[in-house]
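Engineer: Numbering-wise (the numbering used here), the sequence shown opens with residue 83 and increments by one. Quick one: structure below, then a few questions.
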Amino acid sequence: MKATRLFDNIHNQYDDESITRYVGARVNNTWEYYSTGDVIKLARELGSGLLDRGVKPNDKVGIVVAKNRPEWVITDLAIQYIGAISVPMYATISPREYEYILNEAGVKMCFVGEGDLFDKLSQAQSQVPSLKDIVCFDKQGGRLFWKDLLSSEHLEKVELLSQQVKPEDLVTIIYTSGTTGNPKGVMLTHNNIQSVVDSCGHMLPVNKGDKVLSFLPICHIFERAILYVYTGKGVEINFTGTDNLGGESGDLADVKPHYFTTVPRLLEKVYEKIYAKGQDLSGIKKKLFFWALALTDHFEHDRKLGVWDSIQFKIADKLIFSKWRGALGGNVRAIAVGAAACPQKIARVFSAAGNIITEGYGLTETSPVISLNQYYDNINKIGTVGTVLPMMDLVFLDDDGKVVTTDGEIAVNGPNVMIGYYNQPEQTAAVFAEINGKKYFKTGDIGMLVDGPRGNKFLKITDRKKELLKTSGGKYVAPAPIEIGLKEDFLIDQAMVIGDNLKFVSALIIPSGEALVKWCEEHQIPWTNLADAINLDVVKARIQETVDHVNKDLSHTEQIKKFTILPTTWDPTKTDGSDSELTPTMKLKRRVIMQKSREAIEQMYKS
């Protein structure tokens, strides 16, 4: 694989030829775009301005935005041009977490977006000696504005410094959100990320001139790496937020994208709305809707349809599926899903309707892709995370660290594996294993290879090693597959399985409020509020049916013996200042949830 720098992706391809609509976002409800020429020119001038403010090669520069925007791309490129190192951060973390990250990384300057981000960073700044400047992407009174930094004075030096940047140089430190403890700074080089860009680009069904939506935070390596792929393919990138996706005036309908990336939770919400609309129908329309939905239950990408099945799918497509596609803009070829396991039901429904789900797998430490289901040639198996990238060497390890043929901890070696955790040599050493003279990164996930279409082997994640529960009887239980099974019920929004050091397995369940309201209306159950509804025997009985359905495929030890329905939500950020229950990538913070739900849990285990 050819060694290169990330900015070569745009610098070499578009210096002479400009993509006129490279990155864009709504400004005062009007789409405004930057061309590749604009981005290159502004990034060079911003790089010159950074040098003016005393930023040097290898200095750390932070970026925090609440919503993806073109200025993030310009700033990222400017930092790369002068050989500095970006430290992207989530907008949802607390001032204490900003303080920790800024201090550990020694961040010298930080760019911030809208809202209260300047205030949060200012609050942390008093405890961060290294942080000299906070720069705003929006004009905010007398605060330092990013365009005020633009300068032509050091353009020759910017060019000289960019030529000195080597592919093996550190380009970014990305702090993992983590479900426990302080975050760790993952150090990635240009080559780490570029190796993923080169390996995955041909798998994405987008070409020059196609449109994509970008709404997952760019500070996460999943969206950031895909952004570099988009850049190399010359597509039009439209930045938006999750608050403005759906509906007739939403950005899906407005942009009509051909592709986008997402996390399963957002697809689950779309599915819940589709299901709710089906419930609102009546007569033959309602019967047709649920008949079409039932057709998706056994969908497989490589399934050969008989004559009758083909006829049924054509009818369903014309009457039902085409409307579902229309809700996503009508042009979506595929949707890449990552960051968490995608429920199989969700993958089948969307794929059967013509919006192909391509689930992948990786970690921040692997830049991030390890495996990926593909759009082309039906190299896609639902329930797996795809085929392992050819550049990766993947092995499975048992509890003693010995290589086994399957069903062990996934460990990988490849050009995309991080160089380590910043300033954490012990943490770094703990996640690497030496096998036959090579260093393998231990992912903490348990997996196996299964047979799939065209004779390919597909990676299936079975457990999360760190999240395995051990009951007081000494039996291990993997909570994630059970939680996914529960959430396939449209009435269940979120779920967490409990049982570590306890005598049996139980579950905390968060209902989908909107779906529960409609279900109560349909069954003529008076509605007052969510807190009252979850205490109704008929609602508990309905949730028990789902628990029983999930339990039938589990061993006796794994089965949920009791559950509690909670009248709340688990969120990645809290307005009341309390600890959030989810990481920014929507993973459960199990210890936080356990602490907040202590009384409910104690009640389940009382007798």
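Backbone N, C-alpha and C fix where the C-beta goes; we use that ideal spot for every residue, glycine too. Note that the coordinates shown come from a computational prediction; the quantities given were computed from them, not determined experimentally.
With a 10 Å radius around its C-beta and 16 neighbouring C-beta atoms as the bar for buried, classify Gln576 as buried or exposed.
Structural biologist: Position 494 of the sequence shown, counted from the start, is the residue given in the question as residue 576. That one is buried.
Engineer: From the DSSP output, which residues share a beta bridge with Val486?
Structural biologist: Sequence index remark: in the sequence shown, residue 486 carries index 404 (1-based). Its beta-bridge partners are Phe478.
Engineer: To which residues of the same chain is Pro450 closer than 6 Å at the C-beta, ignoring the five residues directly before and after it?
Structural biologist: Start at 1 with the first residue of the sequence shown, and residue 450 comes out as number 368. Ile303, Phe304, Gly444, listed in sequence order.
Engineer: Smallest Cα separation from Leu568: which of Leu551, Gln626, Gln606, Leu242?
Structural biologist: Here residue 568 corresponds to residue number 486 of the sequence shown, with the count starting at 1. Of Leu551, Gln626, Gln606, Leu242, the residue nearest in Cα terms is Gln626.
Engineer: What is the DSSP secondary structure of Met500, reduced to helix, strand or coil?
Structural biologist: As a first step, residue 500 must be located in the sequence shown, where it is residue number 418. Of the three classes helix, strand and coil, the one that applies to Met500 here is coil, per DSSP.
Engineer: Can you tell which of Ile501, Thr665, Gln677 has its C-alpha closest to the C-alpha of Met269?
Structural biologist: Taking the sequence shown and counting its residues from 1, the one referred to as residue 269 is at position 187. When each option's Cα is compared against that of Met269, the closest is Ile501.
Engineer: Let me know the beta strand (DSSP E) ranges lying completely inside the stretch 221 to 299, each 3 residues or longer, listed in chain order.
Structural biologist: Within the stretch 221 to 299, the complete beta strand (DSSP E) runs of at least 3 residues are 252 to 257, 267 to 271, 293 to 296.
Engineer: Take the Cβ of Ile393 as the centre, count every other Cβ of all protein chains shown within 10 Å, and call the residue buried at 16 or more, exposed below.
Structural biologist: If you number the sequence shown from 1, residue 393 lands on position 311. Result: exposed.
Engineer: Compare the Cα-Cα distances from Thr639 to each of Asp619, Val532, Gln246, Val587 and report the closest residue.
Structural biologist: The residue given as residue 639 occupies position 557 in the sequence shown. Selected option, being the one with the closest Cα: Val587.
Engineer: If you draw a straight line from the C-alpha of Ala173 to the C-alpha of Ile256, how long is it?
Structural biologist: Within the sequence shown, residue 173 is the residue found at index 91, counting from 1. Within the sequence shown, residue 256 is the residue found at index 174, counting from 1. Distance between the alpha carbons of Ala173 and Ile256: 14 Å.
Engineer: Assign Gly144 to one of two classes, buried (16 or more other C-beta atoms within 10 Å of its C-beta) or exposed (fewer than that).
Structural biologist: Indexing the sequence shown from 1 puts residue 144 at position 62. Buried is the call here.
Engineer: Pull the bridge partners of Gln576 from the DSSP assignment, please.
Structural biologist: For this step, residue 576 is matched to residue 494 along the sequence shown. Partner(s): Ile592.
Engineer: Count the C-beta pairs between the stretch 117 to 132 and the stretch 222 to 241 that are closer than 8 Å, then say yes if the count reaches three, no if not.
Structural biologist: Contact between the stretch 117 to 132 and the stretch 222 to 241 is present, because at least three Cβ pairs lie under 8 Å.
Engineer: Check the Cβ-Cβ distances between Asn518 and every residue of chain D, and say whether any is below 9 Å.
Structural biologist: Absent here is chain D; the protein component of the structure consists of one chain.
Engineer: Return the Cβ separation of Gly526 and Glu570 in integer angstroms, given the expectation that the two are a contact with Cβ distance under 8 Å.
Structural biologist: Against the sequence shown, residue 526 aligns to sequence position 444. Against the sequence shown, residue 570 aligns to sequence position 488. Not a contact, Cβ separation roughly 25 Å.
Engineer: To the nearest angstrom, report how far apart Cys424 and Gln246 are at their CA atoms.
Structural biologist: As a working note, residue 424 is residue 342 in the sequence shown. As a working note, residue 246 is residue 164 in the sequence shown. In a straight line, the C-alpha of Cys424 is about 42 Å away from that of Gln246.
Engineer: Name, in chain order, the residues that DSSP records as bridge partners for Ser117.
Structural biologist: Taking the first residue of the sequence shown as position 1, residue 117 is located at position 35. The partner list for Ser117 (beta bridge, DSSP) is empty, contrary to what the question assumes.
Engineer: Considering only residues of the same chain and omitting the five flanking positions on each side of Ser277, which have a CB-CB separation below 8 Å?
Structural biologist: Along the sequence shown, read from residue 1 onward, the residue named residue 277 stands at position 195. Excluding positions up to five away in sequence, the list reads Met83, Ser449, Met473, Gly496, Pro497, Asn498.
Engineer: Tell me the DSSP bridge mates of Asn538?
Structural biologist: If you number the sequence shown from 1, residue 538 lands on position 456. Paired residues: none, contrary to the question.
Engineer: Less than 9 Å separating the beta-carbons of Asn320 and Lys293?
Structural biologist: As a first step, residue 320 is located in the sequence shown; it is residue number 238 there, counting from the start. As a first step, residue 293 is located in the sequence shown; it is residue number 211 there, counting from the start. Taking 9 Å as the Cβ cut-off, Asn320 and Lys293 qualify as a contacting pair.
Engineer: On the three-state DSSP scale, how would you describe Phe432?
Structural biologist: Taking the first residue of the sequence shown as 1, we reach residue 432 at position 350. In this structure, Phe432 counts as helix in the three-state DSSP scheme.
Engineer: Give the range of the beta strand (DSSP E) segment to which Phe321 is assigned.
Structural biologist: For the purposes of this step, residue 321 is taken as residue 239 along the sequence shown, with counting starting at 1. Where Phe321 is concerned, the enclosing beta strand (DSSP E) stretches over 318 to 321.
Engineer: From Phe371, Thr157, Arg415, pick the residue whose C-alpha is nearest to that of Leu401; which is it?
Structural biologist: As a working mapping, residue 401 is identified with position 319 in the sequence shown. Leu401 has its Cα closest to that of Phe371, out of Phe371, Thr157, Arg415.
Engineer: If I'm right that Glu235 touches Asp98 with Cβ under 8 Å, what's the distance once you round it to whole angstroms?
Structural biologist: Stepping through the sequence shown from its first residue, residue 235 is reached at position 153. Stepping through the sequence shown from its first residue, residue 98 is reached at position 16. Glu235 to Asp98, Cβ: 25 Å. No contact.
Engineer: So, at 6 Å on beta carbons, what are the nonlocal neighbours of Thr119 in its own chain, with the 5 sequence-adjacent residues on each side left out?
Structural biologist: Stepping through the sequence shown from its first residue, residue 119 is reached at position 37. The question names Thr, but residue 119 is Gly in the sequence shown. Cβ within range, chain order: Ser100.
Engineer: With distances taken between CB atoms, is the gap from Leu584 to Ile439 smaller than 9 Å?
Structural biologist: For the purposes of this step, residue 584 is identified with residue 502 of the sequence shown, where counting begins at 1. For the purposes of this step, residue 439 is identified with residue 357 of the sequence shown, where counting begins at 1. No, the Cβ-Cβ distance between Leu584 and Ile439 is not below 9 Å.
Engineer: Can you tell which of Lys214, Val579, Phe200, Ser117 has the C-alpha that lies nearest to the C-alpha of Lys142?
Structural biologist: One-based indexing of the sequence shown puts residue 142 at position 60. Residue Lys214 is the option with its Cα nearest to Lys142.
Engineer: Examine the Cβ distances between the stretch 672 to 686 and the stretch 642 to 650 and report whether three or more of them are shorter than 8 Å.
Structural biologist: Touching, per the Cβ criterion.
Engineer: Indicate whether the contact test is met: 3 or more Cβ pairs, each with one atom in the stretch 460 to 469 and one in the stretch 395 to 414, closer than 8 Å.
Structural biologist: Short answer: they don't touch.
Engineer: Identify every residue that forms a DSSP beta bridge with Ser453.
Structural biologist: Taking the sequence shown and counting its residues from 1, one reaches residue 453 at position 371. Bridge partners of Ser453: Tyr443, Val470.
Engineer: For the beta strand (DSSP E) holding Val137, just list the boundary residues, first then last.
Structural biologist: Within the sequence shown, numbered from 1, the residue matching residue 137 stands at position 55. Careful: Val137 lies outside any beta strand (DSSP E) and carries neither H nor E.
Engineer: What residue range is occupied by the uninterrupted beta strand (DSSP E) comprising Asp653?
Structural biologist: As a position in the sequence shown, residue 653 is number 571, starting the count at 1. Neither: Asp653 is in no beta strand (DSSP E) and is coded neither H nor E.
Engineer: Helix, strand or coil: which one does DSSP assign to Ala421?
Structural biologist: Locating residue 421 in the sequence shown gives position 339, where the first residue counts as 1. Correct three-state label for Ala421: coil.
Engineer: Let's test the definition: count the other Cβ atoms within 10 Å of the Cβ of Val311 and tell me whether it reaches 16, buried, or not, exposed.
Structural biologist: As a first step, residue 311 is located in the sequence shown; it is residue number 229 there, counting from the start. It is buried - the Cβ of Val311 has at least 16 other Cβ atoms within 10 Å.
Engineer: So, at 8 Å on beta carbons, what are the nonlocal neighbours of Gly291 in its own chain, with the 5 sequence-adjacent residues on each side left out?
Structural biologist: Position 209 of the sequence shown holds residue 291. Cβ neighbours of Gly291 beyond the five flanking positions: Gly316, Val317, Glu318.
Engineer: DSSP has Tyr522 in a bridge; who is on the other side?
Structural biologist: As a first step, residue 522 is located in the sequence shown; it is residue number 440 there, counting from the start. Tyr522 pairs with Ala515.
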